[in-house]
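Enquirer: Before I ask anything, here is the structure I am working with.
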Amino acid sequence: MSKVAIIGVGQSAFVRQYPGSIRELVFEGFREAVQDARITTKDIDASVICSAPEYDKQRSPAGVFAEYLGLNPQPTFYVESLCSSSSTGVRLAYSLVKSGLHDMVAVIGFQKMSEISSSESQERMGRGADIQWESPFGTMMPAYYAMYARAHMEKYGTTLEDLACVRIKAATYGQLNEKAVYRKPVTMDMFQDPENRMAGSVASPLRVGDCCANADGSSCIILANEEKTKAFCKKPVWIMGLGAATETVNLAGRDLFSGLSAAQQAGQQAYQMAGITPKDIDVAEVHDCFTIAEMMAYENLGFAQPGESKDLIQSKETYKEGSIPVNVDGGLLSKGHPIGATGGSMIRTIVLQLRGEAGAIQVQEPEIGLIHNIGGVGLYGNVTILGR
Amino acid sequence: MGSIKEVDDRFKKFGTVSFTSISKTNDFVDYLEKGKVMGTRCKDCGVVFFPPRAECHQCLASSMEWFEVSGKGKLVTFSKLQFAPVGFEEDLPYCIAVLDYGDYKVFGRIAGDLPEEEIKLGMEMVTAVNSLPNGQLNYVFKKA
Numbered sequence: 001m002s003k004v005a006i007i008g009v010g011q012s013a014f015v016r017q018y019p020g021s022i023r024e025l026v027f028e029g030f031r032e033a034v035q036d037a038r039i040t041t042k043d044i045d046a047s048v049i050c051s052a053p054e055y056d057k058q059r060s061p062a063g064v065f066a067e068y069l070g071l072n073p074q075p076t077f078y079v080e081s082l083c084s085s086s087s088t089g090v091r092l093a094y095s096l097v098k099s100g101l102h103d104m105v106a107v108i109g110f111q112k113m114s115e116i117s118s119s120e121s122q123e124r125m126g127r128g129a130d131i132q133w134e135s136p137f138g139t140m141m142p143a144y145y146a147m148y149a150r151a152h153m154e155k156y157g158t159t160l161e162d163l164a165c166v167r168i169k170a171a172t173y174g175q176l177n178e179k180a181v182y183r184k185p186v187t188m189d190m191f192q193d194p195e196n197r198m199a200g201s202v203a204s205p206l207r208v209g210d211c212c213a214n215a216d217g218s219s220c221i222i223l224a225n226e227e228k229t230k231a232f233c234k235k236p237v238w239i240m241g242l243g244a245a246t247e248t249v250n251l252a253g254r255d256l257f258s259g260l261s262a263a264q265q266a267g268q269q270a271y272q273m274a275g276i277t278p279k280d281i282d283v284a285e286v287h288d289c290f291t292i293a294e295m296m297a298y299e300n301l302g303f304a305q306p307g308e309s310k311d312l313i314q315s316k317e318t319y320k321e322g323s324i325p326v327n328v329d330g331g332l333l334s335k336g337h338p339i340g341a342t343g344g345s346m347i348r349t350i351v352l353q354l355r356g357e358a359g360a361i362q363v364q365e366p367e368i369g370l371i372h373n374i375g376g377v378g379l380y381g382n383v384t385i386l387g388r
Numbered sequence: 001m002g003s004i005k006e007v008d009d010r011f012k013k014f015g016t017v018s019f020t021s022i023s024k025t026n027d028f029v030d031y032l033e034k035g036k037v038m039g040t041r042c043k044d045c046g047v048v049f050f051p052p053r054a055e056c057h058q059c060l061a062s063s064m065e066w067f068e069v070s071g072k073g074k075l076v077t078f079s080k081l082q083f084a085p086v087g088f089e090e091d092l093p094y095c096i097a098v099l100d101y102g103d104y105k106v107f108g109r110i111a112g113d114l115p116e117e118e119i120k121l122g123m124e125m126v127t128a129v130n131s132l133p134n135g136q137l138n139y140v141f142k143k144a
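Same order as they appear, the protein sequences are chains A and B.
The opening position of the first sequence corresponds to residue 1 in my numbering, with each subsequent residue numbered one higher.
The opening position of the second sequence corresponds to residue 1 in my numbering, with each subsequent residue numbered one higher.
Right under this line is the structure:
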C-alpha cells in the first residue's frame, strides 16, 4: 500500500482582527502551502475545508473558496469537529489518498472569529456543548476546562503556579513566532499580582493568563500519495499514525475528570498504527487552549504518568532543550486559537521541525513528531504522528 | 378549513435561556413545576439515564419510565464563572458543577447562596428545583 506524505504546509498570521474577508484569509495559508510544495493549483485533486460552524455569514464556504483559490472544477467539501476540525480534515484526506480516489488533497482550515463580538463568540462556544441539558445553565469553554483543572488539582496536588508555568513557557516561544497573536513575555509575578490582568479570574480556578485568545487565521496542509510525493518533494514528512476518538458531550456522562479519555484513546491508536511508544516522540504540539489542557495532554499521551505533569513542566523537560519539547511555537496560548485553522497550524509546526526548517525554535534533529488536537471539552480527540 | 396545530414547546421553560423548545422529554418541565427533578429508566433493559432521554441506546427501545433524582450526591467538580455567555450576564457570578449519584451523574448549578469557601469536592449535596426571576425553571445543588 502506498504511503501518504505531507508535501506542503502554510498558515496565515494569527491576528485579532483580519482586515479582509474569509476567502482572502484562506488564500494566505493556501498560497504559502502551494509555494512550499512547489506545485500548481492544477496538481490538487480535491480540497477539504475545515472550520467550526456559525462564525460566518457565508453558507457553505467550501464552494466559495474553491472558486477563489482556483480549485474549480475539482471536488470540495466541508468537515468540522470544532477546535480539531483541520485534524479531522487531515484524517479524511489521508483516507482519500490512501484509497486511491485522489492523488493529492489540500486540507484548508480557517476561522474569522472577529466577525462577532467576544460575548457572542462565548455564546457559540457554549453551544459547542449540550444545548438541551447544559447550555441553559450558562456554560462556556473556560468553565468546563476549569472544572477539569479543579479535579486535577484536588486529585494530584497540581497548583496554580504549575499552570502559570505552562503559560510562561508558551510566552517564551510565542515571542519568537512572527505569526503569533501574543508576543510579549509572561512572568510568574504577573500571576501573583492581583492587579495584573493575567491574574484576573475567568472561571475559577482558571485566570485570564490560563486561557488562549480568539484569533482570525487560516492554515493549509497538502497531502499526496507516494508517487506524487517522490515527483514533487525533496523533504517528505510521512503520516505514520492517526488516532481519533470521542467522549460524551454532557459531562454527566463521563467518569474521568482529571484527563480527557478521547485523547488517551486517540493517542493509543496513533502509537499502535505508527508502531512506536511515547518515548519515541522527539517533538510535540498539544492542544493548550487552556494551561490545564497542556498538563492533561502530557499525561494522556504518556509523556508523564497520571499526576506527574507538574514535574515535567517544573523541570522544564517540555522546553526546546528538554527531553520532550512541547509547543515550542508558543502553542495556542501565544499563537491564538482560530478554531478551524488550529490543527493545521500545529501540523505545520511539526512538519517544519522534522524538515529542520523551524528556525529559532528548531529542536535538535527530530525524527518523529506528534500532534494532539482536541475539539470541544475533550469531545473529539485527534492524534497525528509524523515522521521523516 | 385549516386548523392550527398546538405546538408542545414546554421545554423552552428550562434554564435561564433555553435553546430547545420541543423535546420528547417535555414532561421533565412539568415535573420541575411540581418540584421534582426526574431522570428516565428503560423499562426493557433497566438502564438509568440522567439527563433523561426518550430512547435507550443500549436496547433501542422507546419504553421509558420516569424516576426522581433524590437523596444525596457527591460533588465531583465545579467552577465559579466571572464572565457569562450572552443572556446569562445578570446571573453572575455563579457556579456550574457535576454531582455523582453513583448510578448516574447530574450537571447543573450550585445554589447561589452557598459561599465558594464552603464548597468542597466530595461534599454531599442534594438537587432541588429552582424558580428563576424571569419565570424560567432550573435546578440547583444545595448542601445536604
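Using N, Cα and C, we set each Cβ at its ideal position, and we do this for glycine too.
1) Which chain E residues sit within Cβ distance under 8 Å of B/Asn138?
2) Could you check the C-alpha separation between A/Ala13 and A/Val181 for me, to the nearest Å?
3) Going by C-alpha to C-alpha distance, which of A/Leu242, A/Val237 and A/Ile222 sits closest to A/Asn382?
4) What residue does the alpha helix (DSSP H) around A/Asp311 start on, and which one ends it?
5) Tell me which same chain residues have a C-beta within less than 6 Å of the C-beta of A/Arg124, skipping the five on either side of it?
6) In angstroms, rounded to a whole number, what distance separates the CA positions of A/His287 and B/Phe78?
7) With C-beta atoms as the reference, is B/Lys142 less than 8 Å away from B/Ala128?
8) Closer than 6 Å by C-beta to A/Gly330: which residues in its own chain qualify, once you throw out the five before and the five after it? Chain order, please.
9) Between A/Asn373 and A/Ser87, which are expected to be in contact by the criterion C-beta below 8 Å, what is the C-beta distance as a whole number of angstroms?
10) Let me know the secondary structure DSSP gives A/Lys112 once reduced to three states.
11) Measuring alpha carbon to alpha carbon, tell me which residue in A/Pro142, A/Val105 and A/Arg16 is nearest A/Gly49.
12) Among the residues of its own chain, which have a CB less than 6 Å from the CB of A/Ile339, if the five just before and after it don't count?
13) Is the region 1-8 of chain A touching the region 219-227 of chain A in the sense that three or more CB pairs, one from each, lie closer than 8 Å?
14) Rank B/Asp44, B/Ser18, B/Val86 and B/Lys5 by C-alpha distance to the C-alpha of B/Gly135 and give the top, closest one.
15) Could you name the residues of chain B that A/Ser201 contacts, counting a contact when the two beta carbons are closer than 7 Å?
16) Since I believe A/Thr246 is in contact with A/Tyr380 (beta carbons under 8 Å), could you give me their beta-carbon distance rounded to a whole number of angstroms?
17) What residue range does the alpha helix (DSSP H) around A/Asp162 cover?
18) Who are the near neighbours of B/Met38 in its chain, counting only those whose CB is closer than 7 Å to its CB and skipping five residues on each side?
19) Using a C-beta to C-beta distance shorter than 8 Å, which residues of chain A count as neighbours of B/Thr77?
20) Pull up the DSSP beta-bridge partners for B/Lys142, would you.
21) Please name the residue, chosen from A/Thr291, A/Pro278 and A/Val64, that lies closest to A/Asn300 on a Cα-to-Cα basis.
22) Just the Cα atoms here: how many angstroms apart are A/Pro75 and A/Ile222?
23) Start and end of the beta strand (DSSP E) containing B/Gly108?
24) Answer with yes or no whether the minimum CB distance from A/Ile131 to chain B is below 8 Å.
25) Tell me whether A/Ser135 sits in a helix, a strand or coil according to DSSP, three-state version.
26) Here's the rule I'm using: 16 or more other beta-carbon atoms within 10 Å means buried, otherwise exposed. How should A/His337 be labelled?
27) Under a Cβ-count criterion, where at least 16 other Cβ atoms within 10 Å of its own Cβ denotes burial, should B/Asn138 be classed as buried or exposed?
28) Measuring CB to CB, does B/Lys24 end up less than 8 Å from B/Ala61?
29) DSSP three-state label for A/Glu285, please.
30) Just verifying my parser: in three-state terms, what is the DSSP assignment at A/His337?
31) Just the Cα atoms here: how many angstroms apart are A/Gly302 and A/Lys235?
32) Identify, in the order they occur along the chain, each residue of the same chain with its Cβ nearer than 8 Å to the Cβ of A/Trp133, setting aside the five sequence neighbours on each side.
33) Assuming A/Pro366 contacts A/Asp282 (C-beta within less than 8 Å), just tell me the rounded distance between them.
34) Comparing the C-beta of A/Ala52 with each C-beta of chain B, is any distance below 8 Å?
35) Looking at A/Ala164: is its Cβ nearer than 8 Å to the Cβ of A/Leu206?
36) Helix, strand or coil for A/Gln353, going by three-state DSSP, please let me know.
Expert: A quick look at the data gives this:
1) Absent from the structure: chain E. Protein chains present are A and B.
2) A straight-line Cα-Cα distance of about 8 Å links A/Ala13 and A/Val181.
3) Nearest of A/Leu242, A/Val237 and A/Ile222 to A/Asn382, Cα basis: A/Leu242.
4) A/Asp311 -> alpha helix (DSSP H) spans Ser309 to Gln314.
5) So the list reads Glu54, once near-sequence residues are dropped.
6) One C-alpha to the other measures close to 22 Å.
7) Less than 8 Å divides the Cβ of B/Lys142 from the Cβ of B/Ala128.
8) Contacts found: Ala170, Tyr173, Gly174, Asn177 and Ala180.
9) That pair is a contact at about 4 Å.
10) Reduced to three states, the DSSP call for A/Lys112 is strand.
11) What sits at residue 49 of chain A in the sequence shown is Ile, not Gly. The shortest Cα separation from A/Ile49 among A/Pro142, A/Val105 and A/Arg16 belongs to A/Val105.
12) So the qualifying residues of the chain are Ala52, Cys83 and Gln111.
13) Short answer: they touch.
14) Per the Cα distances, B/Ser18.
15) In chain order: Gln82.
16) Contact flag correct, Cβ pair sits at about 6 Å.
17) Annotation for A/Asp162: the continuous alpha helix (DSSP H) segment containing it runs Leu160 to Gly174.
18) Leaving aside the five residues that flank B/Met38 on each side, the residues in its chain whose CB is nearer than 7 Å to its CB run, in chain order, Phe28, Tyr31, Pro52, Trp66, Phe67, Glu68 and Val69.
19) Within chain A, the residues whose beta carbon sits less than 8 Å from that of B/Thr77 are Met147, Tyr148, Arg150, Ala151, Glu154 and Phe257, listed in sequence order.
20) Answer is B/Val126, bridged to B/Lys142.
21) Of the listed residues, the one whose Cα sits closest to A/Asn300 is A/Pro278.
22) Straight through space, the alpha carbons of A/Ile222 and A/Pro75 are spaced by roughly 15 Å.
23) Residue range Lys105 to Ile110 is occupied by the beta strand (DSSP E) that includes B/Gly108.
24) Output row for A/Ile131: interface = yes.
25) In the structure shown, A/Ser135 sits in a helix (DSSP, three-state: H, G or I).
26) Counting Cβ neighbours within 10 Å, A/His337 comes out buried, since at least 16 surround it.
27) By the C-beta density criterion, B/Asn138 is buried, having at least 16 other C-beta atoms within 10 angstroms.
28) No, the pair does not count as a contact, with Cβ atoms beyond the cut-off.
29) Under the three-state reduction of DSSP output, A/Glu285 falls in the strand class.
30) Here A/His337 sits in coil by DSSP.
31) Just so you know, the alpha carbons of A/Gly302 and A/Lys235 end up roughly 29 Å apart.
32) The residues are Asn250 and Ala252.
33) Correct: roughly 3 Å between the Cβ atoms.
34) Taking Cβ atoms only, chain B never reaches closer than 8 Å to A/Ala52, which makes this a no.
35) The answer is no: Cβ separation not under 8 Å.
36) Helix.
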